[in-house]
Structures are given as C-alpha cells and as structure tokens.
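Enquirer:
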Amino acid sequence: MRPVRPIVITTVLTLLLNLVLAASAGAQQPQRFLRPPPPAGLAVIPFMEGWYGNEDGSVTVSFGYHNRNEKYVTVEMGESNRIEPPQLDGMQPEIYFPGRHTGVFAVTIPASLDGETIWWHIKTGNSEEFKVPGERGSIAYELDRNPRPQGSVQPVIWFEEGNRGSGPEGVLSTNTKTVAVGSELIMEVGSEDSSVRDPSNPLFAKPLDTRVMWYKHQGPGEVKFTEHASAPFMTTEDVSFQGEASLRLMSPAPARMAIPTGNGSAKVIATFSEPGEYLIRARVDNWAASDSDGLDQCCWSNAYQRVHVTQ
Amino acid sequence: MNILQNWHKNPYLGVGITVITFIGLQAGTVIAAESEDAAEPITYSGHVAKIINENCVVCHREGGIGPMQLTNFEQVRPWAPLIQLKVASREMPPYAYDHDIGLQDLQADWRLAQDDIDTIVAWVNQGSALGDVEQLPPPPVLRDVDEWNFVAQFGQPDLVLASNPIDIPANGNDLWDKHFIDGGLTENRCIKALQVKPRGDAKSVVHHANTYFAEITEGGSVDRKPVTEYAMGKWGEVVPEGVCRTAFAGSKIQWDIHMYPGGLGGAAPNAIIEDNVVELGIWLHPKSYEATIIQDLKTYQLDQGNLFIPPHGTAMTQGFHSFDHPVRIDSFQPHGHLRMNAASLEIFYPTTGKTEVISMISNWSATWHHSHLYDTDIAPLLPVGAILITKQWYDNTAANPNNPDPRQWVGWGQRTSDEMSHSWIAISHLDDETYQEIVEQRESENPSGQASD
Chain A
1 MRPVRPIVIT TVLTLLLNLV LAASAGAQQP QRFLRPPPPA GLAVIPFMEG WYGNEDGSVT
61 VSFGYHNRNE KYVTVEMGES NRIEPPQLDG MQPEIYFPGR HTGVFAVTIP ASLDGETIWW
121 HIKTGNSEEF KVPGERGSIA YELDRNPRPQ GSVQPVIWFE EGNRGSGPEG VLSTNTKTVA
181 VGSELIMEVG SEDSSVRDPS NPLFAKPLDT RVMWYKHQGP GEVKFTEHAS APFMTTEDVS
241 FQGEASLRLM SPAPARMAIP TGNGSAKVIA TFSEPGEYLI RARVDNWAAS DSDGLDQCCW
301 SNAYQRVHVT Q
Chain Y
1001 MNILQNWHKN PYLGVGITVI TFIGLQAGTV IAAESEDAAE PITYSGHVAK IINENCVVCH
1061 REGGIGPMQL TNFEQVRPWA PLIQLKVASR EMPPYAYDHD IGLQDLQADW RLAQDDIDTI
1121 VAWVNQGSAL GDVEQLPPPP VLRDVDEWNF VAQFGQPDLV LASNPIDIPA NGNDLWDKHF
1181 IDGGLTENRC IKALQVKPRG DAKSVVHHAN TYFAEITEGG SVDRKPVTEY AMGKWGEVVP
1241 EGVCRTAFAG SKIQWDIHMY PGGLGGAAPN AIIEDNVVEL GIWLHPKSYE ATIIQDLKTY
1301 QLDQGNLFIP PHGTAMTQGF HSFDHPVRID SFQPHGHLRM NAASLEIFYP TTGKTEVISM
1361 ISNWSATWHH SHLYDTDIAP LLPVGAILIT KQWYDNTAAN PNNPDPRQWV GWGQRTSDEM
1421 SHSWIAISHL DDETYQEIVE QRESENPSGQ ASD
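Chain order of the listed sequences is A and Y. Mapping of the first sequence onto the working numbering: residues 1 to 311, in sequence order. Mapping of the second sequence onto the working numbering: residues 1001 to 1453, in sequence order.
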C-alpha cells in the first residue's frame, strides 16, 4: 500500500478543522445588553431544579420558582398554570411567595413514559408565558438522595402514620381534613431525620434541629397560620439555621418552627377565609447543617394535606 | 515564554496583531500570519520545539491533563493543524485574557507571544517539517505532575494543609464538603504565595475549594476570613513584595469544597473517585519580614440576586464598589459557571468622568479560573471615591458549547448548572501617604503621564 504523504494528511486535517472554525466564526454572536432595573408586576419564573432516577425506572422531576415581586402572586391552575402532559398535572402551587423557592413540588414520570419530556407552563397576569422542561436529561441536573458530605439526608415526613415520604415529591395525605371558614384547624406534621454527622466537627457537637415551614399551596382564599402553644414560631433573628443567615434570596415562611433534634412533630393552627378545596404544604428541612440548603438541592421534604373548607 | 520558569514575563504589547484569514478553504495554506516570511523555512527542531516545550508540555505530557502528549516531534506532528488552529485563535494555551484591551503586564501569563503564534502558523503552513535533528533543543524537563506550581520560585511550601478524604460518586447531585482542620500556625505570619491542589484524578471534579481562617463562636456560628480561593484550572496566587497577607495563628481552617460528580471538561473521569483530598500549600515570608501594606482577598458581588437568564437567552450583571481609603488592585478573578462567557473590570473616576477598562476576558470558560495578577508597578490604583465596576456576561443559548440545557431558566445558585456572579479580587489597602508615594514613583518612571486618573 502506498504510504500517504504527511503534507496530504496535514492538508486534509487543516481543511476539516477550518470548516469547523469557519462555521463557528459565522455563528451569530450573542448581543450583550445592560438589563434595565426590574419594574413591578414581574412574572413568576419557573425553575426545573433537577431530576432523580428512581429504581423502578421512573423519573422524578423537582420544580421551584422565583417570584421577583415584593408581594405574593396567585396563578390559578388551568391554562395559565399547567403541567403537560395533562395526566401529570395537579401538584404545582397556585400561590407564589416572594423570593426563590426550591423544590416546591415534584412530578414523577412513570417508567412507561420514560423518555418523555414534561413541561410546566406558567403565565402571570398578562405577561408572557414561561415554561421549563423536565425529563431524564442532562447529568448537570441529575439529583440523588444520597447523604451529603456531612451526613445530611432528606428527612422523612408525614401527616398520617403509615403514609410517609421524603424529598421534594414528599407525600400527599390520603385523607381530607374538613373545617369551616374562620374556624381553627390544628395541623400536625411528623418528621424523622436520620442524618448521621461527625460529632468531632465543632458544628455538630449537639444534634441539630430540623425546621418546619407551612405554606398555602392551592385554594381560593387566604390561609392564616398562627402559633400553636406546643410549637413556638421561629423569628428572623434566629440565625442557627445557616440557610436563613446566608441565603438572602430565600424567603422563609413566617410560619416556621423547629423540631428539636429533628425527630418529632410540630403543630400549627390554620384558619381559612373562603370555602373551597385547599392544599397545604409543610416542608421540613435540614438547613441548620452546613451541607444542606435550598440552592444545594438538599435536604428537605414536602408533605401535602388536602383541606375541605365549608361555609 | 516559559510558563514554568518565567513567572514574571515581559509584556508583549504592541506586537503586530495576527490576522487569521480563511483563504477560500483551499488546500495548503489556510491560516496566514502577517509576519510570515515564506522564504524562511520554519522547522520543528529549529523553531517550534522550544515554543511547545516551554508552553504546552506542562499539560500535554504523560500523566498531564492535556488530551494528547506533545513532548517530541512524533507526538506533535499528527496534531500540527489542530495546534495551529488553537494557538492562532488563542484558545491555547488556555489563558483567556484579551490582548488588545486594558492592562497587559501580568504575572503567570500563559499567553503566547505573537511571534511564537506566527512561527507555529508558518510552520504548519509550510508542511510541519522536522528540520535538522541536530538543532533540536534538549528534551523538556518534566516535573512531577503533582508537584507544587511555585517550587521553582519558592521551593516547597512551608505549610501543607490537607482536607479530609471523601469519596466522590460518578454521577448525581453536586456536593459541598465543609469541614474544619487545624491551621497549624502558632503566630501570625505573612503569606508569600498560595496554591490549592486537588490530588490526582480529582482535578476535574473539584469545582471549587475555598479555604477560610475560621473561629467558631460559642453560639455555633462561624466567623471566617478567606485564606484563598481555588476554582478549576487556577494556578495559584502570589502576594506582591512589600505587602502582607496575614496567615492567622490559632485559627482553624475551614474547607469549603464543591465537587461535581463525573467531572467537567476534557479530563473528566466520569468515574468514582475514592478518598479525594485537596491540599492547600502556603509559602510564608520569614518571621522577620515587615510590611506596612495589608492585602486581603474577598468576593465582590455583581447583583447576582437579580441574575435570571431566560431559556435561549443572554444576560449581564454589574457590580459597583468603592473604598473609603486608597487601594491597589493586585489581582482579578471573575467567577461563574457553565453559561458565563465573558467578564471585565473597569474603574470609573468621578473627578474626571473617565472610565478605564482594566481587564477584559471575552472568551471566559469555567474550566480555567485564572487569577489575573497585575505586575506590581502597573497594578491599578484607586483613589478614594473611584468606583470599581465589574461586569459579567452569560450565554444560555445552544451556541454556548458548555451549556447543559438551553431550555432552562438559570438563576443564581451554587450548583454547576446554576450560575454565579462575583469576582475574587486581591486588594492592597493603602493609606494616603503610601498611595501618594506610589503615584509619584510611577509618574517619575513614566513622565509621559500614562498613570490612571
């Protein structure tokens, strides 16, 4: 076989490489604008936080949002707030509190639909519709449920014994509470934290508390959470939770309390302003730990309780 | 230039700018350099080997992070067209810093001189000949790939502080390992240089590894001051002579190590890494060293709380900072993740209304976080009232080759798939008298009046 001369190899390689470079050079350079300061009435931004591959072949996609306004925004379920395909619709919030909120709900794509892409569409008022996809996608967005480097894990959470969950997808109660408008409903969430930490680390000399936060998730009226005598609310001055101290972007719910050592339950009193069907979310997080906060995508769990409010 | 040996290199300002032309994609000459002299034969042995040995083999060698070895002609020859392409476009060596904007006198500057680029371009265009083997320079002296970067200048570090080992999985969520180790100092000392070094295969999975002098209060909170910052690709830091950056005695060292399972870039192992350890090397001045100027390293934010990059879109952030005393900017290191693609540093002087561009990095990449160290005699001076302006740009379109998913909204966050917007800047804090002395010294050395403000 006749050997190929080096100059021929050089020429061919050069041609190929420069074709690539020429194509790249011809691509439109993105323009770089100064962004104007944001006005009021900004649309809620949806975030696909990441995806968990499950042992049964399904994929759980975690979603959150950022409300850039100073007040909460309501976007009812329906055309302006939907998950596609429609059989996976239903767990997204209708009320959006100011600031960044991570892993507010999750959608599990069953194994039979693995490979499909789901989309969360949200349109705030008259603004442009925003949407984000979720799927078994880029590894840059892959999440896992393994212990973090200092031992934090997603706490186990429940509203009813025998129906426990963890992580952003958490658990949805099977029963529905009933209460009249203006009457007090005592809600109790239970949690266990199996995080194992090194007691020689000065920050972990004592077992850490977990934190519960309460949110209205869906429903037509206002929900007011007031303190139950057994579970005093935490204050903004409480800096034992590094998440609050370090993440100014995150807006902790006013109704929040500690679960000492991470194991036990916490009660809150809820009152509702209008009749209808509500969904209440309790989130238990491990944000007193240095390896756990919202933008690290670990470690917290959601529990959802349905409430039927009568006149 | 020799990356390993010439820490201080002379500037290559004003050298003719190469014109990279595509001549109809015809065979043979594709990239032409202005200074190419077709009559002069350019050979590997006589011209190119020295350039590659001094600038490329530090990574392109057995055990190095470069994807191919370039330690001899047989290894270099097959890659000659790619080498030409990469050096002509200034993608290699990987030191993104605009050569025609702002201050150019940098320490640890990996950029090739324009003459060297022209030589390589001409060599490839002429057929990439070996030449006379008698002219070959001595083989490159290859140091241990795990050797400290400043050994040639300063010897072994005076203090080596290792993180606790941790296993890093091959995939999954980013990890942040924050723990404390003993600091090892019994009295305050002045730091001469610092390097943070992930061991072995961890180089492409350690996204950042920051260290802090930390005091833990009785209430359990942590009061901390930065020791140094490391992000992927960073070479290290050198503190200017006459300046003290304090290593605090009695403090613990807090490690804050961000790991990206699987890794990032061409050397990503995509495998489990067991017992990952990151080391902090500190070179100290002698105890007798005296300096009245104090330097610190801090992050300067760019309104990153309002960083929202739409799907298939772009964004920009700005930060403004001023000081109540004169300062000197010793180094500038912008920080971002996969969507960030450019950064700049400017100074606005309210007394004149003039804005001066100090540094521009138009082709920034998350795989090479360089701390741009200004030569001390030109390091920018800020009088009281001057405003430091930092800018960063983001590209969430499919045109960004690093983008993991252009369909997503991207906001501020610690994960590699989220974005950040801040700069690490080393500042020498001056009093009025010292500031005036430096200004007068520079004016006497540069009477034509090129000094700022």
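Ideal Cβ placement from N, Cα and C applies to all residues, glycine included. On a predicted model such as this, the values are computed, not experimentally measured, just so you know.
With a threshold of 8 Å, are at least 3 pairs of Cβ atoms found where one atom belongs to the stretch 1424–1442 of chain Y and the other to the stretch 1286–1295 of chain Y?
Expert: yes
Enquirer: Of all Cβ atoms in chain Y, is any one closer than 9 Å to the Cβ of Ile139 of chain A?
Expert: yes
Enquirer: Taking all protein chains shown into account, do 16 or more other C-beta atoms lie within 10 angstroms of the C-beta of Met1340 of chain Y, making it buried, or fewer, making it exposed?
Expert: The residue in question, Met1340 of chain Y, is buried, as its Cβ has 16 or more Cβ neighbours within 10 Å.
Enquirer: Between the stretch 283–296 of chain A and the stretch 148–168 of chain A, are three or more C-beta pairs nearer than 8 Å?
Expert: yes
Enquirer: Give the secondary structure of Asn1173 of chain Y by DSSP, where H, G and I count as helix, E and B as strand, and everything else as coil.
Expert: Asn1173 of chain Y falls in the coil class under three-state DSSP.
Enquirer: Among A:Gly190, A:Gly264, A:Asp114, which has the Cα closest to the Cα of Asn302 of chain A?
Expert: It is A:Gly190 whose Cα lies nearest to the Cα of Asn302 of chain A.
Enquirer: Using a Cβ-Cβ cut-off of 7 Å (strictly less than) and excluding sequence neighbours within five positions of Ala1399 of chain Y, which residues of its own chain qualify?
Expert: none
Enquirer: Would you mind working out which of A:Tyr278, A:Met48, A:Arg283 sits nearest Asn175 of chain A, comparing C-alpha positions?
Expert: Minimum Cα distance to Asn175 of chain A is reached at A:Tyr278.
Enquirer: Span of the alpha helix (DSSP H) holding Ala1193 of chain Y?
Expert: Ala1193 of chain Y -> not in any alpha helix (DSSP H); beta strand (DSSP E) instead, spanning 1189–1198.
Enquirer: Taking DSSP as the reference, what is the three-state secondary structure of Leu1430 of chain Y?
Expert: coil
Enquirer: For a cutoff of 9 Å on Cβ pairs, would you count Arg1479 of chain Y as touching chain A?
Expert: Coverage of chain Y is limited to positions 1001 through 1453, which leaves residue 1479 of chain Y absent and any answer about it impossible.
Enquirer: Under 7 Å Cβ to Cβ from Pro232 of chain A, same chain only, skipping five residues before and after it: list those, please.
Expert: Met257
Enquirer: With a threshold of 9 Å between beta-carbons, can Gln311 of chain A be considered close to chain Y, or not?
Expert: no
Enquirer: Write down the C-beta distance between Asp1303 of chain Y and Gly1319 of chain Y rounded to the nearest angstrom, noting that I regard them as a contact closer than 8 Å.
Expert: About 6 Å separates the CB atoms of Asp1303 of chain Y and Gly1319 of chain Y; that is less than 8 Å, so the two are in contact.
Enquirer: Evaluate the contact criterion for the stretch 1275–1282 of chain Y versus the stretch 1195–1203 of chain Y: three or more CB pairs, one atom per stretch, below 8 Å.
Expert: yes
Enquirer: Under three-state DSSP, which class holds Ile1425 of chain Y?
Expert: Three-state result, Ile1425 of chain Y: strand.
Enquirer: Starting from Gln1114 of chain Y and walking both ways along the alpha helix (DSSP H), at which residues does that stretch end?
Expert: 1114–1125
Enquirer: Tell me which residues share the same chain as Phe1154 of chain Y and place their Cβ nearer than 7 Å to its Cβ, disregarding the 5 neighbours each side in the sequence.
Expert: Lys1192, Ala1193, Trp1283
Enquirer: Is Lys1050 of chain Y helix, strand or coil by DSSP?
Expert: helix
Enquirer: Within the present structure, is the beta-carbon of Leu1338 of chain Y separated from the nearest heavy atom of the ligand ZN by less than 8 Å?
Expert: Ligands displayed in this structure: none; no statement on the ligand ZN is therefore possible.
Enquirer: For a cutoff of 9 Å on Cβ pairs, would you count Gln1408 of chain Y as touching chain A?
Expert: yes
Enquirer: Roughly how many whole angstroms lie between the Cα atoms of Gly167 of chain A and Gln92 of chain A?
Expert: 15 Å
Enquirer: In angstroms, rounded to a whole number, what distance separates the CA positions of Gln28 of chain A and Phe1348 of chain Y?
Expert: Residue confidence for Gln28 of chain A is low, a pLDDT of 38 falling below 50, so the modelled location carries little weight; the figure read from the coordinates is stated next. Rounded to whole angstroms, Gln28 of chain A to Phe1348 of chain Y spans 31 Å at the Cα level.
Enquirer: Given that Asn201 of chain A touches chain Y, what residues does it touch there, using C-beta distances under 8 Å?
Expert: His1179, Phe1180
Enquirer: On the CB-based measure, 16 or more other CB atoms within 10 Å of its CB, does Ser1371 of chain Y come out buried or exposed?
Expert: With a threshold of 16 other beta carbon atoms within 10 Å, Ser1371 of chain Y meets it and is buried.
Enquirer: Where do the N-terminal and C-terminal ends of the beta strand (DSSP E) with Glu49 of chain A fall, by residue?
Expert: 45–53
Enquirer: Quick one, which of Y:Gly1183, Y:Cys1190, Y:Ala1209, Y:Ile1101 has its alpha-carbon nearest Ala1291 of chain Y's?
Expert: Y:Cys1190
Enquirer: Which one of A:Ser80, A:Pro86, A:Val104, A:Phe47 has the shortest CA to CA distance from Gly125 of chain A?
Expert: A:Ser80
Enquirer: Using a Cβ cut-off of 9 Å (strictly closer), state whether Ile45 of chain A contacts chain Y.
Expert: yes
Enquirer: Shorter than 9 Å from the beta carbon of Met48 of chain A to some beta carbon of chain Y?
Expert: yes
Enquirer: Distance check for Leu295 of chain A and Ile269 of chain A, CA to CA, integer angstroms please.
Expert: 29 Å
Enquirer: Is Trp1364 of chain Y close to chain A? Criterion is C-beta to C-beta, closer than 9 Å.
Expert: no
Enquirer: If you compare alpha carbons, which of Y:Gly1183, Y:Ile1216, Y:Ile1168, Y:Trp1079 is closest to Asp1201 of chain Y?
Expert: Y:Ile1168
Enquirer: Secondary structure at Asn163 of chain A, three-state DSSP: helix, strand or coil?
Expert: Of the three classes helix, strand and coil, the one that applies to Asn163 of chain A here is strand, per DSSP.
Enquirer: What does Leu172 of chain A pair with, by DSSP beta-bridge criteria?
Expert: A:Tyr304
Enquirer: How about Gln1414 of chain Y: is its C-beta nearer than 9 Å to some C-beta of chain A?
Expert: yes
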